[in-house]
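See below for the structure under consideration.
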Amino acid sequence: MAGLNVRFTEEELQALRERAEAEGRSMQSFAHDAVIQAISEHARLFNEAADHVLNVSEELNRRLA
C-alpha cells in the first residue's frame, strides 16, 4: 500500500487528533476519509463549472450564429 507523508503544524495535528477522537475514529481513517471527500467535492465543483461554461458557450454560439 502506498503512503503519503503529510506535514501538519502542531495546532493542526492537535485539531486532527481532537476531531478524530470526538468521532471515535483513528486519525488515519479520519484523514483518509477527509482526503477522499475533498477529492470528490473538487471533482463535483469542477464538473459544475464545466457544465456552466458549456451552457454559456452554447447560448453565446447560438446568438452569434
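For the sequence shown, our numbering gives the first residue as 10, with consecutive numbering after it.
We put the beta carbon where it would ideally sit given N, CA and C, even for glycine.
Asked: Straight-line gap, glutamate 57 to alanine 43 (C-alpha atoms, nearest Å); Found: 21 Å
Asked: DSSP state of glutamate 27 mapped onto helix, strand, coil; Found: helix
Asked: Through-space distance from arginine 34 to asparagine 28, alpha-carbon basis; Found: The identity of residue 28 in the sequence shown is arginine, whereas the question assumes asparagine. Each residue's alpha carbon lies about 9 Å from the other.
Asked: Expected contact under 8 Å - CB spacing of alanine 40 and leucine 22 to nearest Å; Found: Actually they are not in contact, since the Cβ atoms of alanine 40 and leucine 22 sit about 10 Å apart, beyond 8 Å.
Asked: Spatial neighbours of glutamate 50 in its chain, beta-carbon cut-off 6 Å, leaving aside the 5 residues before and after; Found: none
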